[in-house]
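Below is one structure; the comments refer to it alone.
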Amino acid sequence: MTHLLLDLPPMSAAHFASIEDRVARLLSTRQDVVITQGEALLPLEGAIRATAGPGTTALNVVTGPYGQTFGDWLRDCGATVIDLTVPFHTAVTAEQVRGVFTEHPEIDFVSLVHAEAATGNTNPVAEIGEVVRAHGALFYLDAVASVGAEPVLPDAWGVDLCVIGAQKALGGPAGVSAVSVSERAWARMAANPRAPRRSYLSLLDWKERWIDGGRKALLHAPAQLEMLALEACVERVEAAGLETVMARHASAAAATRAGAVALGGGLEPYVREAAEAAPVATTLRAPSGTVAADLVARALSADPALPLAAGGGALAGEMIRVNHYGPEARPGAVRASLAALGAALGETGLRVDTDGALRAADAAWR
Ligand SMILES: *Cc1c(COP(=O)(O)O)cnc(C)c1O
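Position one of the sequence shown corresponds to residue 7 (my numbering), numbered consecutively onward.
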C-alpha cells in the first residue's frame, strides 16, 4: 500500500474552488460548476429531484439503461413523464424529439444521456438542444461517458444541467463528479418546494451556502483523495490537450469497429451506424449461437487486464463491450482486445481473421 494516500491535510476552500474552475474550463462553461462528493449518480439524482415535481411534464429520452433510471426518478418526483425510447442500437434524432414536442407542447423538462457506455451509442446533443431551447424546456444532460471522449459544450448547446464524472474518458476515480448549473436551473430549484434542502442530495445547499457566500466556506470536509485525483485528471487532459484526448477516443472507436468487422466470425458492431457509435466505448454483437458473457470470460481468462465486459443485465447474452476509455484509449488495448476476442471466437469453432482485424484496426487509427 502506498502511504502517499494517508495523512493528507484538509483541502482548503480556495483549492476546492480552483478545481471547480478547472472543470468549468474543461466544459467551456460560464455556468456555476458544483463538484459533488460521490459517484455521478449523486448529481444525476440530485439535479432531477431539485428541478422536477408534480407540475413538471418531462420528455425522458431512453437510449439505454440510464435513461430508464432517470424516468423512474422523474415519476418518483411526481412528474408526468413521456418516455421517448429508441432501440439501443441507434441514437435518437432531433426530429424525433421535435415530434414529441409537437404532440405535447406542455413539456418543460428534457432528460437525455449524451453517450451511453452501456449501449455504445451517442446522441446529437447540439441539434436536440436547438429543439429544446425553441420550446423553452429545461435541458438535463448526462455527459458522464462523453466528457473527454467527445465535445461537451453546455453553454453552446443550451444545457441547463450537465453532469460529468471522472471515471470514464478522464481516467479518474468513480467517487467524484460535477454538474454545471444554469441560472434558469437555479431559479427552477429555488421555486420547487420539494427540492432537497439540508440534504446530501441538495444542489441548492451548495448554491446558497457555498456559491452565494463567495465560495469561502465548504459545507463539509471534502473527499480530499477524490478531489486531488479529479484535479490530476483535469491537469493531465490539459497537458495532453483536450482535442488530443478526444481524438484518441475517436480513433480507438474507429479502430475497434473496423477491426471487429474484419475479424469476421459473425461479430458485428452493435450500433449499426458508425456516426451513432460513441467514441468512449464500442459495443459489439456476439455471433448468433454464442453467448457474449462466455466469450468475454474466455478472453479475460487469457488476460484479465483487457478492457472487455459483457453487456449488463439482459444484454449479457448478446453484447460485448470494449471499454477503450481513459488509459485504454490506445492502439495496444484495442489490438489486444481484438486478438483476445479472435482467440475466443476461434475456440468456439468460428472462422476468424485475427491478422486482418489487426491490420484493419491499425489502418482505421486516425
Ligand atoms: C458510466 C456512466 C455513468 C456512471 O455510472 P456507473 O454505473 O457508476 O458506471 C452514468 N451515466 C452514464 C451514461 C454512464 O455511461
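Using N, Cα and C, we set each Cβ at its ideal position, and we do this for glycine too.
Looking at the DSSP output, Tyr206 sits in no beta bridge, so it has no partner there. Exclusion of Asp78 from the 8 angstroms shell around ligand 1 follows from its C-beta lying no nearer than that to any non-hydrogen atom of the ligand. For Asp148, the shortest C-beta to heavy atom distance toward ligand 1 is below 8 angstroms. In this structure, DSSP gives Leu47 a helical state, which the three-state scheme calls helix. Listed in chain order, the non-local C-beta contacts of Pro333 below 7 angstroms within the same chain comprise Gly177, local neighbours out to five positions each way being set aside. According to the DSSP assignment, Leu65 belongs to the beta strand (DSSP E) that extends over Thr63 to Val68. Its chain contains Val116 and Phe145 as the residues whose beta carbon lies nearer than 6 angstroms to that of Val138, once the 5 sequence neighbours on both sides are disregarded; these appear in chain order. Within the region 52 to 125, the complete beta strand (DSSP E) segments of 3 residues or longer fall at 63 to 68, 86 to 91 and 115 to 119, listed in chain order.
Spatial neighbours of Arg304 in its own chain (CB-CB distance under 7 angstroms, excluding positions within 5 residues in sequence) are listed in chain order as Ala350 and Glu353.
Of the heavy atoms belonging to ligand 1, at least one sits nearer than 8 angstroms to the Cβ of His120.
The residue from Leu167, Gly126 and Pro293 with its alpha-carbon nearest to that of Ser188 is Leu167. Each residue's CA atom was taken as its position, placing Glu274 and Pro228 some 45 angstroms apart. For Ile170, the uninterrupted beta strand (DSSP E) segment begins and ends at Leu167 to Gly171. Ala184 carries a strand assignment under DSSP once its states are collapsed to helix, strand and coil. Bounds of the alpha helix (DSSP H) holding Thr250 are Leu248 to Leu269. In this structure, DSSP gives Pro199 a state outside helix and strand, which the three-state scheme calls coil.
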